[in-house]
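Undergrad:
In our numbering, the protein residues as written are 79 to 769.
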């Protein structure tokens, strides 16, 4: 049969299921993966696959045979490949991209920049045609593409700089990037012989009037393809390292919303160009001119780039995106796309010959309206506790909570975890909650509305789980609120022991431990403590809180009604996240006591040695019934008692769920006199009451 390497590189604009004869870009040049996807995911027959791929049925048979032998296709698609392809398809569909390639998480052997460069080079190989003029920006990732590009010798290709040059000494300047790429393509290189940033608009105007520079700019505007990286405006990013911009530049009023740098130009969180003094001093194609280039390939990744890449996609500056799975999932979560959570790690089909996917049963109407319908039902059930901010249905505010002189507490996150987050809005707890789509961060707008609704003049504290999308959107909301004179502090919860080692605790996710952090911070605010003190209490409670969970079966999103991962009938996964993120290990299901023992050993390893009293939460992830939770609670108490640790208070039930996922988590919070007093302080919200 034909091998993957013998298959011609095909167009990026075609999608699976189209009969155009082009391979969708997210399969790169792998016909085995394409055939396997059409077979195991789309449920096509071999005859249908042959028509889509433009090959014979015998060739398809050979592809599938080899795909099985390699483990790409069995009764399921390979879990890792499915996750990356699902993320790529979601990004492509949501942002209207012509193509998207998502590479898997790293193995630690090669840096992300190098792996993105390899993928970007493959994409460029697929797209480039004889006679093309390729516009090139600059940066580490762009240089990685150039370095990994194999010698192609495509006839009559030109490579042209789209920005002025830089005097920095690093080895990925605009001049070096186009030189290296031109060498690989056997192409003519065209430089822009002027600096990227000049001292004044007057100097720029003089240079742009020069005939030679004007001709170089004309050639750049005529590019058929554009290869560019995406720069962040975060402190320490390449934009600062290259001296392209300074921190003072971004402190100017016009630039405070800058989130990304594209070819030396600033854009805001919505992808809109930022006009100002920098724009008038920049030599290179404008953002409008860049957008006219027919095929625009952005290569960028890394968790620190989520906000910058999202801004670029919102502005429609890229037609093709090359990124990594973690970043891609973060972008989707930040945007509130249902496909975001953890990627579909493996979805079993009804049979191995293709067919209809197994669907779960849900009591829903239109999935597109499920959040609004849920919120309407909650408000009707608890009108004395919560209301919706006028004109902002995703901003839920406590009826009795916000008041003059009190620190406002705003929480928020994705839906599907009820009663977290909106169920904890009420007197003595959170004052408001910003509600996102299922498993997706709320956008900045409802967060800002919550801030306005609860600020009694003493400032506002944001509390939420440590997820890339939530961090980005809450930070953005804080910046917007500051422009309207609201003082905002941020504390992220990081109680999930399994999500990162102790040495990297700041990277841990926030899960069921939110319950205790919200309770204690809310009590501190209810006592009319200052913003400094409420923030201190929240950080103290978070540092004292530890959670480990075990998943037994997947959940399914309302939009897909398909399991979001696969787990064997006799398996459990220790440490799985509440969106289906991979845990520490998967192993045979054990008796309840053995499961609890494994959880408690991990918690005891981090619980402060001097701990004498704790609070306990035994939490259902969705479908695990109270009977089983109480069996678990019995063993948790036994283990604590034998350690000589007193249990001050216990909660058992569904407090932080993952839709209908089966499984549970155990949270233990170490108490001292201050935290005990705050835990015991009365509170009253829609789904919880104490005191």
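The C-beta atom is built at its ideal place from N, Cα and C for all residues, glycine as well.
1. State the DSSP-derived secondary structure class of residue 624, mapped to helix, strand or coil.
2. Which residue spans inside the stretch 658-708 form an unbroken alpha helix (DSSP H) run of at least 4?
3. Sort 285, 271, 270 by Cα distance to residue 277 and report the nearest one.
4. Between residue 173 and residue 392, is the Cβ-Cβ spacing less than 9 angstroms?
5. Ignore the nearest five residues each way along the sequence and tell me which others in residue 367's own chain have a CB closer than 7 angstroms to its CB.
6. Since residue 216 sits in a beta bridge, which residues does DSSP pair it with?
7. Just tell me which of 578, 549, 582 has its CA closest to the CA of residue 568.
8. Are any of the Cβ atoms in chain E nearer than 9 angstroms to that of residue 739?
9. Is it the case that the Cβ atoms of residue 214 and residue 224 are separated by a distance below 9 angstroms?
10. Can you list the beta strand (DSSP E) stretches of 3 or more residues lying completely in the stretch 499-583, in chain order?
11. Provide the residue(s) that pair with residue 239 in DSSP beta bridges, ordered along the chain.
12. May I ask which residues mark the beginning and end of the beta strand (DSSP E) holding residue 304?
13. To which residues of the same chain is residue 496 closer than 7 angstroms at the C-beta, ignoring the five residues directly before and after it?
14. Checking the sheet assignment: what are the DSSP bridge partners for residue 651?
15. For the alpha helix (DSSP H) containing residue 295, list its first residue and its last residue.
16. Under 7 angstroms Cβ to Cβ from residue 210, same chain only, skipping five residues before and after it: list those, please.
17. Using a 10 Å radius around the Cβ and a threshold of 16 neighbouring Cβ atoms, would you call residue 370 buried or exposed?
18. Under DSSP, the alpha helix (DSSP H) around residue 595 begins and ends at which residues?
19. If you compare alpha carbons, which of 754, 755, 123, 738 is closest to residue 439?
20. Could you check which residue in 590, 441, 414, 532 has the C-alpha nearest to that of residue 499?
21. Do the stretch 700-717 and the stretch 593-613 meet, that is, are 3 or more Cβ pairs less than 8 angstroms apart?
22. With C-beta atoms as the reference, is residue 201 less than 9 angstroms away from residue 220?
23. Return helix, strand or coil for residue 360, following the three-state DSSP convention.
24. With 16 as the cutoff for other CB atoms within 10 Å, does residue 187 come out buried or exposed?
25. For the putative contact between residue 669 and residue 648, defined by C-beta atoms under 8 angstroms, what is the C-beta separation to the nearest angstrom?
26. Let me check understanding here. Comparing Cα to Cα, which of 204, 687, 758, 712 lies closest to residue 723?
27. Would a C-beta distance cut-off of 9 angstroms place residue 624 and residue 662 closer than the cut-off?
28. Determine the direct distance from the alpha carbon of residue 617 to that of residue 756, and round the result to whole angstroms.
29. Kindly indicate the opening and closing residues of the alpha helix (DSSP H) around residue 842.
30. Please report how far the alpha carbon of residue 248 lies from the alpha carbon of residue 254, in whole angstroms.
31. Is residue 133 helix, strand or coil when you go by DSSP?
32. Quick one: is the Cβ of residue 632 within less than 8 angstroms of any heavy atom of the ligand ADP?
33. Mind listing, in chain order, the continuous beta strand (DSSP E) runs of no fewer than 3 residues lying wholly within the stretch 450-496?
34. Between 111, 134, 556, which has its C-alpha nearest residue 537's C-alpha?
35. Looking only at its own chain, which residues have a Cβ that is under 7 angstroms from the Cβ of residue 226, when we skip the five neighbours before and after it?
36. Out of 520, 443, 398, 528, point me to the one whose CA is closest to residue 479's CA.
TA: Reading off the structure:
1. strand
2. 670-682
3. 285
4. yes
5. 299
6. According to DSSP, residue 216 bridges with nothing at all.
7. 549
8. Structure shown: chain E not included; a single protein chain is present.
9. Cβ atoms of residue 214 and residue 224: closer than 9 angstroms.
10. Uninterrupted beta strand (DSSP E) stretches at least 3 residues long and entirely within the stretch 499-583 occur at 510-516, 538-543, 566-571, given in chain order.
11. 214
12. Residues 303-306.
13. 735
14. As computed with DSSP, residue 651 is found in a beta bridge with 629, 664.
15. 289-299
16. 235, 302, 303
17. Label assigned to residue 370: exposed.
18. Annotation: the continuous alpha helix (DSSP H) that includes residue 595 extends over 592-604.
19. 738
20. 590
21. no
22. no
23. strand
24. exposed
25. Rounded to whole angstroms, the Cβ separation of residue 669 and residue 648 is 13 angstroms, and the two are not in contact under 8 angstroms.
26. Measuring from the Cα of residue 723, the nearest candidate turns out to be 687.
27. No; because the gap between Cβ atoms is not below 9 angstroms, this pair is not in contact.
28. 14 angstroms
29. In the structure as shown, the chain begins at 79 and stops at 769. Residue 842 is therefore absent and cannot be evaluated.
30. 9 angstroms
31. coil
32. Judged by which ligands are present, the structure shown has none, so any question about the ligand ADP falls away.
33. Whole beta strand (DSSP E) segments, 3+ residues: 464-467, 470-476, 486-493.
34. 556
35. 195, 196, 199
36. 528
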